[in-house]
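Report on the following structure.
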Amino acid sequence: MTILMFEATDARVSSRDNTSQHVKGARLMDAISVLTDDHHKARGLFTAFRAASEADDAEQMGSVAEKIFEELDTHTAIEERVFYPALKEAGGSDLEELTDESNEEHHVVDVLMKELKEISPSDPAYPAKMTVLMENVEHHAGEEEKEMFPKVRNIFSETQLKELGLALHREKHVYRLENKNVDELHKEAAELEIAGRSELDREGLVSAILSEYDV
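For the sequence shown, position 60 (counting from the first letter as 1) is numbered 61 according to my numbering, and the numbering increases by one without interruption.
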């Protein structure tokens, strides 16, 4: 029994250490790297969805789709809350035009995701509608990587891009926590072993968790 307790403790410490390393690694990424990494994750999920679709596995399609929605929701949120406003503030008609276009593309993606969430993965129309979503996202990501990001690198200094990357990383955590209920926040606080968590309200839990992640 004692051995099992030590194993559990070691596993918990290891888990927290892994989280810490992940956070520190993410903090070193500049804004372009953060967003490009998101694009790569989305493309990987699209590949997984296509495989599930070819296998006619509705359950797997639904499981992968949930991950796709979560990734896209978070990605569009941090771009609209942090990245695009920073580009508009920096000025320049080219960037402003690209930002406006990207916002419109986000709207199309939001509409498609809403429609997909309202039907079952077993619906014959589901794979086709998901394909339209994926093609829109791939076009959007490709345009950002080929047109927007090079312009951003020419305007922002390396230090500014790293600061913006940190802001994007923090906003990811904020958005994720915003979408959790109080019970889920308490569970995460318990996993992080936050002292006094039982006395904290929602706002306090979010603040404490963000502090634990050092963002």
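All C-beta atoms, glycine included, are put in the ideal place defined by N, C-alpha and C.
| query | result |
| --- | --- |
| Taking only the alpha-carbon atoms, compute the straight-line gap between Ala59 and Ala43 and give it to the nearest angstrom. | 19 Å |
| From Lys133 to Val207, what distance separates their C-alpha atoms? | This sequence places Val at residue 133; Lys is not what is there. In a straight line, the C-alpha of Val133 is about 36 Å away from that of Val207. |
| Quick one: Cα of Ala49 to Cα of Lys68, how far? | 11 Å |
| Under a three-way DSSP split, which group does Asn180 fall into? | coil |
| Any idea what DSSP makes of Glu194, helix, strand or coil? | coil |
| Counting only runs of 4+ residues fully inside the region 50-103, write out the alpha helix (DSSP H) ranges in chain order. | 59-79, 85-91 |
| Measuring CB atoms only, is the region 122-129 touching the region 180-197, in the sense that at least three cross pairs come out at less than 8 Å? | no |
| Quick one: grab the DSSP three-state call for Ala129. | helix |
| Would you kindly work out how many angstroms separate the C-alpha atoms of Asn137 and Val110, rounded to a whole number? | 7 Å |
| Within the continuous alpha helix (DSSP H) that includes Phe150, where are the two ends? | 150-156 |
| Can you give me the C-alpha to C-alpha distance between Ser1 and Lys147, rounded to a whole angstrom? | This structure cannot speak to residue 1, because the chain is shown only from 2 to 216. |
| Can you tell me whether Gln22 is helix, strand or coil according to DSSP? | Residue confidence for Gln22 is low, a pLDDT of 45 falling below 50, so the modelled location carries little weight; the figure read from the coordinates is stated next. Here Gln22 sits in helix by DSSP. |
| With the cut-off set at 8 Å, would you say His170 and Leu211 are in Cβ contact? | no |
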